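In this note's numbering, each residue carries its 1-based index in the sequence shown increased by 15. I have placed the structure first, in the form of structure tokens, so that the comments after it can refer back to it.
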Amino acid sequence: MGLIIGAGQARVAFSQSHRIAPLFMIFMKGDEDCNWMAEVSGNLEAKSVRAQLNSREMSFAQWEVVLLCTAINMLDGYDVLVMSFAAAPVAADWQLDPANLGLLLSAGLIGMALGSIVLGSLADALGRKRLVHICLITVTLGMILSAYTQSQLQLLTLRFVTGVGIGGMLATLTGLVSEYSNDKRRGICMGLLQSGYPLGALLGGMIAAQIIQVADWRSLFLFGGGLSAVLLPLIVIRLPESLDFVSRSGSSGADDMKRRLLDKFELSEPQHSMVEDLDQATGSWRSCFTPLETRINTLLLWSCYLALMFSFYFVVSWTPKLLVDAGLSTSQGISAGAILQAGGLVGALVIGLLGSKCAVNKLAAWFFSISVVVILAYGWADGELTALMILSAMMGFFLIGAMIGLYTIGPALYDAKSRVTGVGLAIGVGRLGAIAAPFAGGLMLEAGLEISLIYAVFAAPLVLAAFAVRSISLPMAFR
């Protein structure tokens with residue numbers, strides 16, 4: 016669903032909940048599923064700032080943080096996939112072969128991986144707010160300058176730079192939303208944030224399909240850059256700094272900033288430390304491999320993420336371009352990409368509803384299995400528009416539904432001290448598949464393989480994923 020969530024983002028997201036519900040299941044189970052923070056933040060009766068935020072009703076200022084971060088995530092959803100929307104006209108303009116186009120499609124994903132690791136780790140030094148500003152400026156400039164590139168190398172470089180900015184933001188937004196949410200609404204707030212990514216891809220794709228009918232591919236980048244430029248002043252003015260960061264900062268202005276934040280969020284001066292240290296909740300990566308059952312579960316989870324991201328990012332990156340090659344218009348190809356995201360939102364809702372009634376690993380296995388059939392059917396489909404759009408929606412439904420299933424399963428496999436590290440590692444492994452998929456697809460197309468065979472190659476790993484996820488041993492509460 017866009018759905019690359021970086022390891023840095025996962026480290027925060029999954030450290031906030033004892034049982035992470037699927038995206039839309041979160042909206043329905045906010046109280047019971049979001050109490051793990053209490054385990055590591057200490058006694059909620061204490062008068063720390065975190066305790067005040069956790070226990071009181073959400074204020075307007077807190078909801079504002081959630082909505083601003085969700086808006087940024089929506090922009091990221093469009094900015095990540097804009098290259099797939101522009102792939103067909105870019106290839107035609109510069110006469111790119113599939114291998115070189117695959118490089119362009121992978122460049123942003125490589126940048127995201129680097130940004131989530133490198134920039135995400137700088138948040139504690141620079142501050143969350145400052146890092147978001149830097150990343151959003153980077154994305155804005157990267158998108159706008161991409162519209163004026165004159166060569167593949169220039170566009171590739173700017174896609175990489177844009178990806179770095181997106182990755183840095185994805186690693187930061189979750190922490191801000193989780194910090195400023197209370198225990199009762201944290202699930203809803205996290206659900207809103209995560210839904211912004213596919214929703215941005217969906218709405219952006221629908222608008223891009225109209226833009227491409229009256230302008231060239233460069234306008235798609237200008238549109239995304241323009242939206243970022245419009246949002247930037249609002250973020251600079253209204254998005255607050257992290258209270259956690261301010262409390263640990265030794266800068267000369269930290270006390271003044273702390274007082275302003277306490278006033279803004281109507282919080283009282285804490286009687287002791289503003290926040291409790293959450294670092295104790297993070298375990299070594301070695302803890303993900305002991306005992307034997309945990310080791311097996313970890314390897315199975317890695318296999319699922321690697322297979323899913325490899326298949327998913329081929330589908331979302333190449334499908335619009337391949338539809339144009341099959342005779343559809345560029346607008347219709349982009350629409351298929353947007354419809355895929357719409358199907359994914361429905362799939363997330365369905366697996367969220369069903370996940371409360373049956374074992375999530377069994378449900379995810381069915382989603383993986385049906386994804387194989389749908390992807391194979393897509394590869395064999397003719398150019399009939401209605402059938403292709405239906406199959407696009409079905410691919411999104413089952414692939415993104417399976418992804419949400421994995422987001423639910425991962426945290427259940429580890430204890431509190433290993434949960435953050437375990438899920439972060441699994442998503443990091445999956446990111447390798449996401450990076451490789453667009454380029455691998457380009458190489459196959461360059462080699463002249465039949466479209467049906469290429470889709471079969473990318474469907475095959477999902478067969479293994481279905482067996483792997485079914486073999487995961489879940490705790491009794493999740494069976």
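Idealized CB from N, CA, C, for every residue including glycine. Since we're looking at a predicted model, the values are computed, not measured.
ask   = Just to check, is the beta-carbon of R274 closer than 7 Å to a non-hydrogen atom of the ligand MG?
value = Ligands in the displayed structure: none, and consequently the ligand MG is not present.
task = Would you be able to state if there are at least three C-beta pairs under 8 Å between the region 353-369 and the region 479-490?
result = Here the region 479-490 does not lie against the region 353-369, with fewer than 3 beta-carbon pairs under 8 Å apart.
message = Can you tell me whether G180 is buried or exposed? The criterion is at least 16 other CB atoms within 10 Å of its CB, across all chains shown.
response = Classified as buried, G180 has 16 or more neighbouring CB atoms from the shown chains inside 10 Å of its CB.
query = Could you give the uninterrupted runs of the alpha helix (DSSP H) lying entirely in the region 84-171, keeping only those of 4 residues or more?
reply = List check, alpha helix (DSSP H) in window: 113-136, 138-141 and 143-161.
task = Decide if D270 is buried, meaning its Cβ has at least 16 other Cβ atoms within 10 Å, or exposed.
result = Residue environment: D270 is assigned as exposed (fewer than 16 neighbouring CB atoms within 10 Å of its CB, all protein chains considered).
request  = Specify whether the region 445-465 and the region 398-417 touch according to this definition: at least 3 beta carbon pairs, one from each stretch, less than 8 Å apart.
outcome  = In short, these stretches do not touch, since the Cβ pair count stays below three.
query = So, A402 versus A408, is the Cβ gap smaller than 8 Å?
reply = Going by beta carbons, A402 and A408 fall outside the 8 Å limit.
request  = Evaluate contact between the region 472-482 and the region 308-322, counting only Cβ atoms and requiring at least three cross-stretch pairs below 8 Å.
outcome  = A contact between stretches requires three or more CB pairs, one per stretch, nearer than 8 Å, and the region 472-482 meets this requirement with the region 308-322.
ask   = Taking C-alpha atoms, which residue in S467, P476, E465 and R65 lies nearest to V261?
value = Residue R65 is the option with its Cα nearest to V261.
task = Tell me whether the beta-carbon of L90 lies closer than 8 Å to the beta-carbon of A102.
result = No, Cβ-Cβ distance for L90 and A102 is not below 8 Å.
message = Helix, strand or coil for N376? Go by DSSP, reduced to three states.
response = Helix.
message = With distance defined between alpha-carbon atoms, name the residue in F454, G202 and V387 nearest to L118.
response = With distances taken between Cα atoms, L118 lies closest to F454.
message = Between which two residues does the alpha helix (DSSP H) holding M272 run?
response = According to the DSSP assignment, M272 belongs to the alpha helix (DSSP H) that extends over A269 to K279.
task = Report the three-state DSSP secondary structure of D292 (helix, strand or coil).
result = With a pLDDT of 45 at D292, under the threshold of 50, the modelled position of this residue cannot be trusted, and the question is left open.
query = For L338 versus G220, is the C-beta spacing smaller than 8 Å?
reply = Contact check for L338 against G220 fails: the beta carbons are separated by 8 Å or more.
request  = For L217, collect the residues of the same chain with a Cβ closer than 6 Å to its Cβ; drop the 5 residues on either side in sequence, then sort them by chain order.
outcome  = Closer than 6 Å at the Cβ level, and outside the excluded window around L217, lie A353, Q356 and A357.
request  = Could you tell me if V229 is buried or exposed, where buried requires 16 or more neighbouring beta carbons within 10 angstroms of its beta carbon?
outcome  = That one is exposed.
ask   = Should V245 be labelled buried (16 or more other beta-carbon atoms within 10 Å of its own) or exposed?
value = By the neighbour-count criterion, in which a residue is buried when 16 or more other Cβ atoms sit within 10 angstroms of its Cβ, V245 is exposed.
request  = My understanding is that L489 touches I424, with C-beta atoms under 8 Å, so please give their C-beta distance in whole angstroms.
outcome  = Contact between L489 and I424 holds, with the beta-carbon distance rounding to 7 Å and staying under 8 Å.
query = In whole angstroms, what separates the C-alpha of S332 from that of G190?
reply = If I take the Cα positions, the gap works out to 28 Å.
Sequence ranges, alpha helix (DSSP H) only - wholly within the region 359-427, length at least 4 = Listed in chain order, they are 375-395 and 400-427.
request  = Put S256 into one of helix, strand or coil per three-state DSSP.
outcome  = The sequence as given places Glu at residue 256; Ser does not occur at that position. Residue state, collapsed to three classes: coil.
inquiry  = Once DSSP output is grouped into helix, strand and coil, what is the label at E79?
reply    = Note: E79 maps to helix in three-state DSSP.
ask   = Nearest to Q169 by alpha carbon, out of R201, G123 and Q209?
value = Out of R201, G123 and Q209, the CA that lies nearest to the CA of Q169 is found in G123.
query = Beta carbon of Y212, beta carbon of G92: below 8 Å?
reply = Yes, these two residues count as a Cβ contact at 8 Å.
Beta-carbon gap between T313 and G420 smaller than 8 Å = No, these two residues do not count as a Cβ contact at 8 Å.
message = Restricting to Cα atoms, I'd like to know which of S384, S70 and D340 is closest to E194.
response = The candidate whose alpha carbon is nearest that of E194 is S70.
Euclidean distance between Cα positions of P9 and S386 = Not covered by the structure: residue 9. The range shown for the chain is 16 to 494.
task = Please determine, among I366, A107 and V389, the residue with the shortest C-alpha to C-alpha distance to A379.
result = Nearest C-alpha to A379: I366.
ask   = When you compare only the Cα positions, how much space is there between G445 and Y422?
value = Answer to the nearest angstrom: the Cα atoms are 12 Å apart.
Same chain only: Cβ atoms within 7 Å of G182, ignoring 5 sequence neighbours per side = So the qualifying residues of the chain are G21, G126, M127, A128, L129, G130, S131 and L134.
task = Report the three-state DSSP secondary structure of R485 (helix, strand or coil).
result = When DSSP states are grouped into helix, strand and coil, R485 belongs to the helix group.
request  = In the DSSP assignment, find the alpha helix (DSSP H) that holds A224 and state where it starts and stops.
outcome  = Bounds of the alpha helix (DSSP H) holding A224 are R201 to V229.
key: Residue interval of the alpha helix (DSSP H) (run including Y320)   = Counting along the chain, the alpha helix (DSSP H) containing Y320 begins and ends at L307 to D340.
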